[in-house]
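Below is the structure:
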């Protein structure tokens, strides 16, 4: 891990949202983004990309975000990489469920792209400080 | 043959007598005579013997004729007296006849003697005959049972028999021959012997009686004022007299009266019987009608109906219920209800009579959704309503079951639809919002002014759709019961500050200020996020409707057992016609408002639902043109004694009251060691002062204080509505070596004076049962006098079986119990030992309700202290016991709040 959040792997099947997040994270946040269109694509690329943070959509055709999460976590170098779910399914009990899986946090859709880079940075720093992938934070924007 | 004639001759001359006798013999008599010539001889002769005739010489030296006549008259001997005289003057003759001489014969004319004797004898005979006849008549009238009287033509009494006198005993001495009938009647009327009719004139009555008396013919029945009834019949005699026959017919009249009243009674009961028969017939008809009707409803109802007894055994099910559970028509009868419905529900319904449940039954049954079990084991969702019907001593329960499988399915489909649609909408919205957000932030480069304006509009409306979506999802969750709440005790002030801060940005956008007037105090059981949502919804309304530059004020104020949070704006107010609909979904005062103000029209509806789930209520005041105040009340978490406005933190303070200073200090340390804060007070006065300022979690009261003032204090705390649940724990402790405490404690549920207030006893018993975690544990009644046993048993029947004990052995035999009701003092050291036995049963001992006379608490306190000393626990066990007692009550209080 580095001192600062730089590299993010983002899995999103919806191209529009993908484009917006990409613009926000690259242009506003100055991150290096590895945008994947599906779970399998992420599994293929992430081990090579070695992100500082994994940002996962949940509802995706085929392999969903949770399955993708488990597979990514199994990859070398990604055991402890903080994972954030970004999803429309963000009711209280769903958030609790993702957290119990080991997610650092959950961001509810629709989210605010302007504040997204700072939000991710905060989550990442907290997760790193705790030295563990789990964390407590208010969901959403 | 000459006639025998007994003659008494009064003559001093022997010779004259011989001459006389010779003459009598010559006249054909055979006289058997005796001559006397003194008064004494005369008296003796007349008294001792019967004489046919007395012949008396006129002049004698020792006894004159008049003297002799007077003696004869005075002795009342009906014997004729003939005087024989030499010469008698005419005057003397008349005088002699007047005093009883029948005849006077001159000695010179003895020839007249014979006819005179004959005449006198005949007359005497006649007189005797008459006498006999009269005696016979008298005997006759005296022997008859009726009263008989004869009145002469002048209406004066001639004769009457004893019975007649008896019947007219009031007339007394008046009733003698010669008395006028009128005098008798007047006397009787004067004495009030007769019962006159209402308003009847006495004189008229008398006249009528007199007239009747001389014109007899009718039979009269007369009511005497002494209650007797007389029947009088009268006849005229040929000489114008009146014969009266009077009979006492009281007996007959009474019999008649009885008969009459019996007949009347008979007639009345007959009437009544007829009416009852008629009524019963009518009832039978209507009963059979309503029975048929009930049967038809029972059989034909689409809902399932089941009746079951207090034992939880099914007595009947209708066809719909049988179908619901996949049972044959009579298959369910006799089965336990638990074979169809959840066990806990049945237990609560028929055994524990869970109060809330009871209340719904009483209120006509609020349905509950439960899961039943079909015969094949598959679940069936049911809407269940139960009502209780008294059946003699027992209860019958009637349950109505509606199969809500279909409704559940539809509900689920609707939920899923709303959920899916909302989520599906979120995806494109995420893109739109994201894109607009980035454009607005000019991440993609500078935009012309006009374009920026357009993008702002698009962005704002996008935000609005998102809020609408969120609200729709919330409403759906509320309606389907899937909204989750995480209740925890939270300080009102803290919640309010956070919720208001979260809205400050929104208020800034509208140029509206936010000000918290009072933060409030106390704890509420709340879900932090949902509480925030309530405040946000109320604030966003207030902000939207406030003119720019105005301030919205927030205020929280604790009242009795609840806190009121108010949000006040200076907006236009809510039109009256809209008041009723204000909490309805998609309602806004003006439909154009929705667009103008950017609300979903769901905010208040959601706030209301969330507040209700918190056990609160929402309301509002509004004045057109002057603003609106929305407020909601939430119940304050009860943490101790009197709720005080100034507390913001949960009370974990235990008040240690009384005892020696050293023991008090040690107790305080012990309590702190158990994780509580502890405050020590020397006496009840100090404790009272402390409680007025702050609530406490529990009160540890040294048992020695339970004389007069201490008991009054404990009773007062129990009776105070605000602090019904604060545990009062009586302690008896002594400092052991090494500064540790030995002792015993007991939970004092309540202290009642005699005569026992049974409803208050019931409240205490209920609390004890609830704090013990359930009902059904035996309630041990120690030393209760007989008169209290049955009312107490009845009062606590559904809380647990009452067991009675008087001695130490009884208590030991009774075993563990959930509550002890002790009538103290129990008398002597035996009673103390019995109490000690009660506490020795288990480490924590049962909670106690004490009954005592008002005047003996000092003795009682002594006995309790003695019992606690006897059963004292060692240092460790005592600390454990205190911990258990304090924990138990704490947990129970929380459970109540959650319920």
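Protein chains in written order, with my numbering: chain A, 15 to 155; chain B, 9 to 907.
Using N, Cα and C, we set each Cβ at its ideal position, and we do this for glycine too.
Can you give me the Cβ contacts of residue i inside the same chain, cut-off strictly under 6 Å, excluding the 5 residues immediately before and after it?
i	result
residue 85/A	57
residue 262/B	none
residue 248/B	161
residue 778/B	none
residue 171/B	155
residue 613/B	591, 593
residue 553/B	577, 579
Report, in whole angstroms, the separation of the C-beta atoms of residue i and residue j, which I expect to be a contact under 8 Å.
i	j	result
residue 582/B	residue 637/B	With a Cβ gap of about 10 Å, residue 582/B and residue 637/B do not count as contacting.
residue 61/A	residue 92/A	7 Å
residue 680/B	residue 698/B	No, residue 680/B and residue 698/B are not in contact; Cβ-Cβ is about 17 Å, not under 8 Å.
residue 562/B	residue 525/B	7 Å
residue 128/A	residue 42/A	7 Å
residue 764/B	residue 796/B	6 Å
residue 124/B	residue 113/B	6 Å
residue 445/B	residue 467/B	7 Å
residue 737/B	residue 893/B	5 Å
residue 50/B	residue 17/B	That belief does not hold up - the Cβ atoms of residue 50/B and residue 17/B are roughly 11 Å apart, past 8 Å.
residue 666/B	residue 705/B	No, residue 666/B and residue 705/B are not in contact; Cβ-Cβ is about 18 Å, not under 8 Å.
What is the DSSP secondary structure of residue i, counted as helix, strand or coil?
i	result
residue 123/A	coil
residue 711/B	helix
residue 105/A	coil
residue 1/B	Because residue 1/B is not part of the residues shown, which for chain B are 9 to 907, the question remains open.
residue 470/B	helix
residue 762/B	coil
residue 409/B	strand
residue 386/B	coil
residue 64/A	coil
residue 414/B	helix
residue 622/B	coil
residue 650/B	In this prediction, residue 650/B has a pLDDT of 32, which is less than 50 and means its spatial position is unreliable; what the coordinates show is noted afterwards. Correct three-state label for residue 650/B: coil.
residue 131/A	helix
residue 402/B	strand
residue 91/A	coil
residue 229/B	strand
residue 53/A	helix
residue 731/B	At residue 731/B, the pLDDT of 48 sits below 50, so the modelled position is not reliable; the number obtained from the coordinates is stated separately. Three-state DSSP puts residue 731/B in coil, outside helix and strand.
residue 78/A	coil
residue 95/B	coil
I need the boundaries of the alpha helix (DSSP H) containing residue i, first residue and last residue.
i	result
residue 678/B	669-681
residue 179/B	Counting along the chain, residue 179/B falls outside any alpha helix (DSSP H), and DSSP gives it neither H nor E.
Between residue i and the rest of its own chain, which residues show a CB-CB distance below 8 Å, the 5 nearest in sequence each way excluded?
i	result
residue 548/B	511, 514, 607, 611
residue 421/B	none
residue 397/B	403, 404, 405, 406
residue 633/B	580, 581
residue 217/B	193
Between which two residues does the beta strand (DSSP E) carrying residue i extend?
i	result
residue 114/B	111-114
residue 40/B	37-44
residue 256/B	250-256
residue 496/B	496-499
residue 239/B	237-244
residue 533/B	531-534
residue 199/B	That residue, residue 199/B, is in no beta strand (DSSP E); it is neither H nor E in DSSP.
residue 49/B	No beta strand (DSSP E) holds residue 49/B; the alpha helix (DSSP H) holding it covers 47-56.
If I measure Cβ to Cβ from residue i and keep anything under 7 Å in the same chain, skipping five residues before and after, which residues do I get?
i	result
residue 350/B	378, 379
residue 557/B	519
residue 844/B	875, 878, 879
residue 326/B	306, 307, 309, 312, 313
residue 54/A	77
Runs of beta strand (DSSP E) lying entirely within the stretch 103-154 of chain B, each at least 3 residues, in chain order: 111-114
3 or more residues per run - each beta strand (DSSP E) lying fully within the stretch 842-875 of chain B: 856-860
Runs of alpha helix (DSSP H) lying entirely within the stretch 768-850 of chain B, each at least 4 residues, in chain order: 794-804, 816-822, 836-848
Beta strand (DSSP E) runs wholly inside the stretch 504-583 of chain B, at least 3 long, in chain order: 521-526, 531-534, 559-566, 570-576
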